[in-house]
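*Asks:* Those letters in the sequence shown? Residues 1 to 221, by my numbering.
Just so it is clear, CB atoms sit at the ideal spot from N, CA and C, and this is done for glycine as well.
Dropping a structure here in structure tokens format, bear with me for questions.
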Amino acid sequence: AAEPDLAGRHVVVSAGGTREPLDPVRFLGNRSSGKQGYALARTAAARGARVTLIAANTALPDPAGVDVVPAGTAVQLREAVLKAAADADAVVMAAAVADFRPAAYATGKIKKKDDQEPEPIVLVRNPDILAEISADRARPGQVIVGFAAETDDVLAHGRAKLVRKGCDLLVVNEVGEHRTFGAEENEAVVLAADGGETPVPHGPKEALAEIVWDLVAARLH
Ligand code: C5P
1 AAEPDLAGRH VVVSAGGTRE PLDPVRFLGN RSSGKQGYAL ARTAAARGAR VTLIAANTAL
61 PDPAGVDVVP AGTAVQLREA VLKAAADADA VVMAAAVADF RPAAYATGKI KKKDDQEPEP
121 IVLVRNPDIL AEISADRARP GQVIVGFAAE TDDVLAHGRA KLVRKGCDLL VVNEVGEHRT
181 FGAEENEAVV LAADGGETPV PHGPKEALAE IVWDLVAARL H
């Protein structure tokens, strides 16, 4: 059995990908499966933590002993994260949150009309949840972890993003057409605000999750 080094701790993990509705049947979404977030939730529970998993549009079984809170859109995810983070020791934002959402929601299905050009989709910015909870910590010493998917110049972009977001740890994944999203395995580097850099070799999402909790636990003690 795992060391119960997170016993007595409350951790919050977001997983999956938000869907931003255009009308009752259509949305803007992304390819996040939620597997990395679920692996984080399972491993934290195995290490003794009380876990709140905020799940955005995932199709995975609820991990045993984990409190699962569904959230569909970025705005709903923000509400759920802020509520759960109020008494959390650590928050890990593994969800792929849409940066933008449609400015308007049509209450009826958008129809195509003959001889008429389609209407452009106007977008507005979503709140940046990770930046917000990092800037305004619910508790002193709360450890906040973000994820970043980068396609090029991974370390430089990751370092800049860590500073911009203001979180303690940033897990940087290199993504490409056949990498990471929906896959069983992952390869990453975890950047720390204190300058630390932990490479994570290609391996199961559970292994990356354990390394994240090692780094979080070290910062809680
Ligand atoms: O800026 P970018 O989307 O690359 O940042 C990714 C990280 O920020 C992830 O941890 C994601 O959960 C979080 N995020 C967020 N709110 C947003 C966009 C991203 O919390 N609106």
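Helix, strand or coil for SER32 per DSSP?
*Replies:* Of the three classes helix, strand and coil, the one that applies to SER32 here is coil, per DSSP.
*Asks:* Quick one: does the C-beta of ALA95 sit closer than 7 Å to a heavy atom of the ligand C5P?
*Replies:* Indeed, a heavy atom of the ligand C5P lies less than 7 Å from the Cβ.
*Asks:* Using three-state DSSP, classify GLU79 as helix, strand or coil.
*Replies:* Of the three classes helix, strand and coil, the one that applies to GLU79 here is helix, per DSSP.
*Asks:* Restricting to runs no shorter than 4 residues, where is the alpha helix (DSSP H) found entirely within the region 107-191?
*Replies:* You should have 129-135, 154-165.
*Asks:* In whole angstroms, what separates the C-alpha of ALA41 from that of LEU123?
*Replies:* In a straight line, the C-alpha of ALA41 is about 32 Å away from that of LEU123.
*Asks:* Counting only the same chain and skipping the five closest in sequence on each side, list residues whose C-beta sits under 6 Å from that of PRO70.
*Replies:* So the qualifying residues of the chain are ALA55.
*Asks:* Beta-carbon within less than 7 Å of ALA103's beta-carbon, same chain only, minus the 5 sequence neighbours each way: which residues are those?
*Replies:* Within the same chain, ALA103 has close Cβ partners VAL122, LEU123, VAL124.
*Asks:* Would you check if the distance between the CB atom of ALA188 and the CB atom of VAL171 is smaller than 8 Å?
*Replies:* Yes.
*Asks:* What does the alpha-carbon distance come out to for the pair PHE147 and LEU130?
*Replies:* PHE147 and LEU130: Cα-Cα distance of roughly 9 Å.
*Asks:* Does the distance between the C-beta of ASN173 and the nearest non-hydrogen atom of the ligand C5P fall short of 7 Å?
*Replies:* For the ligand C5P, not one heavy atom lies less than 7 Å from the Cβ of ASN173.
*Asks:* In this structure, what does DSSP give as the bridge partners for THR198?
*Replies:* Partner(s): VAL190.
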